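Enquirer:
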Amino acid sequence: MNSIRLRVLAAAVVVTVSMLVLAGISQLTLLHSGLVRQLDQRLMTAASGLTQAFEQHAQGTTFEWEGIDAGLPLVFIAFDAQGTVVAGSSGKRQIAREFLESHVFDNPSTSLAYNGTLSDGSAARVFPLRFQPRIEVEGYSEHDTPEHAAPASSNADISLFVAGSFDEVNAVMQLAKWRLFWVTLLASGLAAIVLWPVTGFVVRPVNRVAQQIAALDAHRLDERVDVSECPRELQPVILRLNEFITRLAEAFEREKQTTANIAHELRTPLSGLAATLELAASKTRTIEYYQQTIASCRHMSAELQTLVEQLLLLSRLDAGHISMNRQVVDAICMLKESWNEVLSQHPDTSPSVNWSIPEAMQIEIDPTYLRQVFRNLLANALTHGEPSQSVGIFVEKNNSGCTIQIVNTCAGINKDDIPRLKERFFQMDDNRGNTGQNAGLGLAIADQLVKLLDGNLSLELGNNAQFVATVRLDIPEVHLATGCGLPSN
550 MNSIRLRVLA AAVVVTVSML VLAGISQLTL LHSGLVRQLD QRLMTAASGL TQAFEQHAQG
610 TTFEWEGIDA GLPLVFIAFD AQGTVVAGSS GKRQIAREFL ESHVFDNPST SLAYNGTLSD
670 GSAARVFPLR FQPRIEVEGY SEHDTPEHAA PASSNADISL FVAGSFDEVN AVMQLAKWRL
730 FWVTLLASGL AAIVLWPVTG FVVRPVNRVA QQIAALDAHR LDERVDVSEC PRELQPVILR
790 LNEFITRLAE AFEREKQTTA NIAHELRTPL SGLAATLELA ASKTRTIEYY QQTIASCRHM
850 SAELQTLVEQ LLLLSRLDAG HISMNRQVVD AICMLKESWN EVLSQHPDTS PSVNWSIPEA
910 MQIEIDPTYL RQVFRNLLAN ALTHGEPSQS VGIFVEKNNS GCTIQIVNTC AGINKDDIPR
970 LKERFFQMDD NRGNTGQNAG LGLAIADQLV KLLDGNLSLE LGNNAQFVAT VRLDIPEVHL
1030 ATGCGLPSN
């Protein structure tokens, strides 16, 4: 059931039917109790009338049925004090022997009836009564004074059991149940018919919200769904939806900016290539000039290749199409090798290096991605650091992993720029001369690769304009091993 309207309708009908059923059960319970009380009252009346049919003579107790109106067809039986049957009703239906055996010698109460069974197994209500029959002595009547009447004896007590079948009660209850069933069924249908337009009114705000959402497209992401006109129950959903639209608008804006940045990064080396080749073709040149031109074109094509590889890596990271190949490697040796590689790519710089690292450290990690992280961070330190800078490289291991810090002096940066340094193509200046190195992708790639390696990259601005890049790798097992020597400064 995917429709909210149908769900609301079903819930309303279920609640209505449940209330009707509960009310009906209560009415049936009250009806049954009333019918049982009526049956008990009739049994008491019948028992009182039957007591008039018993007389005590000198020869014993007699039962005279003629002239007695018991009020209903009865099943009864009477015992004297010795347990001998004095009288009883005729017919196939009798009070069950099991009930009589458990009550015949009890002290029957004139105000309490019991649930019992008849000889045919049907349920019945049994009213017990203990009384003394009328005493009739020759020469005296029952209207004589007590001193002339024969004395009563407790041995003359009669135990009378009068039973009434539940057949009539059951018939009334069965009829009431069927009426309740049909009334509930009819009420359910009427409730569904009446509540259908009501539920349409209830879900009308949802339809209005759906229309507002349908009106949004890529050119109207600055609009938001109005929360003030929505019901309170829908407001949390609308707020989350507006937040999602905000994130979507930011994603579209980043996409536009990324497209513009890529076009700009590609245009610079391509324009340089075109200008260099056109200048070389404008007239005949010397061999040395052509060699310089070829070297310059190769350098610009290498920058283009680096940029394309970075963009390809970012696209693979975004799509999650990255396979991990974990191996046990010496992170210290890899860090030293990466420093030498980056240093060879910057022949014009000669920074002093402050090493604070263990002799060796083996970790289980993907070596390709770890090397890429080292190269990007070290290249960032050399490219954006002061010319006469000092680069600090610190490695510390602990029980849960290791921490790698690269520190360099970087003037012209402030704390407001730190959160944006991981953004793609972000640069603190407009210098895009070295396309493959200053495209603003190095820290963005390093951040995603560190996350892929179950780590964290944090960027901070310390005292004296010191820029600190900290990599924390959560590697369970880190231990020392035979390493390699420090590189020369």
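For what it's worth, the working numbering labels the leading residue of the sequence shown as 550, then goes sequentially. Idealized CB from N, CA, C, for every residue including glycine. Only a predicted model underlies this, so the values are computations on that prediction, with no experimental measurement involved.
Checking the sheet assignment: what are the DSSP bridge partners for Cys951?
Expert: Partner(s): Lys946, Leu1022.
Enquirer: Can you give the beta carbon distance from Val956 to Val1020, rounded, assuming they're within the 8 angstroms contact cut?
Expert: In fact, because the Cβ distance is near 12 angstroms, the residues do not count as touching under 8 angstroms.
Enquirer: Helix or strand or just coil, what does DSSP make of Leu667?
Expert: In the structure shown, Leu667 sits in a strand (DSSP, three-state: E or B).
Enquirer: Between Ile942 and Trp904, is the Cβ-Cβ spacing less than 8 angstroms?
Expert: Result yes, Cβ atoms of Ile942 and Trp904 sit closer than 8 angstroms.
Enquirer: Does the distance from the CB of Ser949 to the CB of Asp879 come in under 8 angstroms?
Expert: No, the Cβ-Cβ distance between Ser949 and Asp879 is not below 8 angstroms.
Enquirer: Going by DSSP, name the residue or residues bridged to Gly941.
Expert: DSSP output for Gly941 lists Asn903, Val956 as bridge partner(s).
Enquirer: Measure the C-alpha to C-alpha separation of Leu739 and Ser567 and round it to an integer number of angstroms.
Expert: Distance between the alpha carbons of Leu739 and Ser567: 15 angstroms.
Enquirer: Can the beta-carbon of Leu919 be found less than 8 angstroms from the beta-carbon of Leu1002?
Expert: Against a cut-off of 8 angstroms, the Cβ pair of Leu1002 and Leu919 comes out as a contact.
Enquirer: At what residue ranges does the segment 848–929 contain a whole run of the alpha helix (DSSP H), taking only runs of 4 or more?
Expert: As far as the segment 848–929 is concerned, its whole alpha helix (DSSP H) runs of at least 4 residues are 880–894.
Enquirer: Which value, in whole angstroms, describes the spacing of the CA atoms of Ser703 and Gln605?
Expert: In this prediction, Ser703 has a pLDDT of 49, which is less than 50 and means its spatial position is unreliable; nothing more can be read from the coordinates.
Enquirer: Between Leu667 and the rest of its own chain, which residues show a CB-CB distance below 8 angstroms, the 5 nearest in sequence each way excluded?
Expert: Around Leu667: Val624, Arg642, Gln643, Ile644, Ala645, Ala673, Ala712, Ser714.
Enquirer: What's the call for Met873, buried or exposed, on a 16-neighbour Cβ count within 10 Å?
Expert: It counts as exposed.
Enquirer: Please tell me whether Leu770 and Ala798 are closer than 8 angstroms, where the distance is taken between their beta carbons.
Expert: Yes, they are a contact pair.
Enquirer: Please list, in chain order, all residues of the same chain as Leu822 whose beta carbon is under 8 angstroms from its beta carbon, the five residues on each side excluded.
Expert: Excluding positions up to five away in sequence, the list reads Cys846, Met849, Ser850.
Enquirer: What does the Cβ neighbour count give for Asn947, buried or exposed, with the cut at 16 atoms within 10 Å?
Expert: Exposed, by the Cβ-count rule.
Enquirer: Since Gly640 is in the alpha helix (DSSP H), which residue starts that stretch and which ends it?
Expert: Premise fails: Gly640 is in no alpha helix (DSSP H) and is neither H nor E.
Enquirer: Quick check on the burial criterion: 16 or more other C-beta atoms within 10 angstroms. Buried or exposed for Leu571?
Expert: By the neighbour-count rule (16 or more Cβ atoms within 10 Å), Leu571 is not buried but exposed.
Enquirer: Under three-state DSSP, which class holds Val752?
Expert: Coil.
Enquirer: State the CB to CB distance for the pair Gln876 and Glu913, rounded to an integer number of angstroms; the pair is presumed to be in contact (CB under 8 angstroms).
Expert: Going by Cβ atoms, the distance from Gln876 to Glu913 rounds to 7 angstroms, so yes, they are a contact pair.
Enquirer: Could you tell me which whole alpha helix (DSSP H) segments of length 4 or greater appear in the segment 722–748?
Expert: List check, alpha helix (DSSP H) in window: nothing returned.
Enquirer: Could you tell me if Ala930 is buried or exposed, where buried requires 16 or more neighbouring beta carbons within 10 angstroms of its beta carbon?
Expert: Answer is buried; the Cβ neighbour count reaches 16.
Enquirer: Taking one C-beta from the segment 582–592 and one from the segment 751–767 each time, how about it: are there three or more such pairs within less than 8 angstroms?
Expert: The segment 582–592, when compared against the segment 751–767, does not touch it at the 8 angstroms Cβ threshold.
Enquirer: Whole angstroms are fine: how far does the CA of Ala596 sit from the CA of Ile707?
Expert: Answer to the nearest angstrom: the Cα atoms are 12 angstroms apart.
Enquirer: According to DSSP, is Glu604 part of a helix, a strand, or is it coil?
Expert: Three-state result, Glu604: strand.
Enquirer: Touch check for the segment 632–639 and the segment 723–742: three-plus C-beta pairs under 8 angstroms?
Expert: Not touching, per the Cβ criterion.
Enquirer: Quick check on this structure: which residue in Ala809, Thr842, Val562 has the alpha carbon closest to the alpha carbon of Leu735?
Expert: Checking every option, the nearest Cα to that of Leu735 belongs to Val562.
Enquirer: Need the endpoints of the alpha helix (DSSP H) that Pro785 sits in, please.
Expert: Counting along the chain, the alpha helix (DSSP H) containing Pro785 begins and ends at 784–830.
Enquirer: Look up Ile719 in the DSSP assignment and say whether it is helix, strand or coil.
Expert: This sequence places Asn at residue 719; Ile is not what is there. It is helical.
Enquirer: Rounded to the nearest angstrom, what separates Val857 and Glu782 at their Cα positions?
Expert: For Val857 and Glu782, the distance between alpha carbons rounds to 49 angstroms.
Enquirer: Between which two residues does the beta strand (DSSP E) harbouring Gly1004 extend?
Expert: Per DSSP, Gly1004 belongs to the beta strand (DSSP E) from 1004–1010.
Enquirer: If we count Cβ pairs, one from each stretch, closer than 8 angstroms, do we get three or more for the segment 785–792 versus the segment 807–826?
Expert: Result no; under three Cβ-Cβ pairs closer than 8 angstroms.
Enquirer: Please report how far the alpha carbon of Ala763 lies from the alpha carbon of Pro900, in whole angstroms.
Expert: Taking the straight line from one Cα to the other gives about 59 angstroms.
Enquirer: By the three-class DSSP mapping on this structure, what secondary structure does Ala630 have?
Expert: In the structure shown, Ala630 sits in coil (DSSP, three-state: anything other than H, G, I, E or B).
Enquirer: Do you know how far the Cα of Gln761 is from the Cα of Val999?
Expert: Cα-Cα distance, rounded: 41 angstroms.
Enquirer: Does DSSP put Arg1075 in a helix, a strand or coil?
Expert: The structure shown does not extend to residue 1075, since the chain is modelled only from 550 to 1038, so the question has no answer here.
Enquirer: Compare the Cα-Cα distances from Leu661 to each of Pro754, Phe710, Arg865 and report the closest residue.
Expert: Checking every option, the nearest Cα to that of Leu661 belongs to Phe710.
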